[in-house]
Amino acid sequence: MNRYESMVDFVFCEIFVQFRKDCFKFYEGKGEPFRKLIESGVVSQADLEWCEIVLAHGLELARRAFVVKRDRRDYSWDVFRKEVLSLRR
């Protein structure tokens, strides 16, 4: 989390790891913000909508995990990420 400037960047880039490099390039002043990737067509509207659905699903999974107080050793970030990304398009 400390590598990111916001919680949203952290969650987005750690779920959709393909955008990490773009995020850090932006932080270094060498890249465009994510909205520019959408405006330029690098990220399609369909992909953006998919990301939004997956992130909303991830928030619900995180809420449920908090409610049942899963032990961190039993519910790692990798397990969480796989569950989130298992949502079908």
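Numbering-wise (the working numbering), the sequence shown opens with residue 114 and increments by one. Quick reminder that beta carbons are idealized off the backbone N, C-alpha and C, glycines included.
Cβ-Cβ distance between residue i and residue j below 7 Å
i: residue 197; j: residue 170; result: yes
i: residue 128; j: residue 176; result: no
i: residue 116; j: residue 126; result: no
i: residue 200; j: residue 167; result: yes
CA-to-CA distance, residue j to residue i, given in whole angstroms
i: residue 174; j: residue 164; result: 15 Å
i: residue 162; j: residue 144; result: 22 Å
i: residue 187; j: residue 122; result: 25 Å
i: residue 148; j: residue 182; result: 35 Å
i: residue 139; j: residue 179; result: 32 Å
i: residue 159; j: residue 151; result: 10 Å
i: residue 141; j: residue 119; result: 15 Å
Uninterrupted alpha helix (DSSP H) stretches inside the stretch 153 to 193 (no shorter than 4 residues) = 158 to 181
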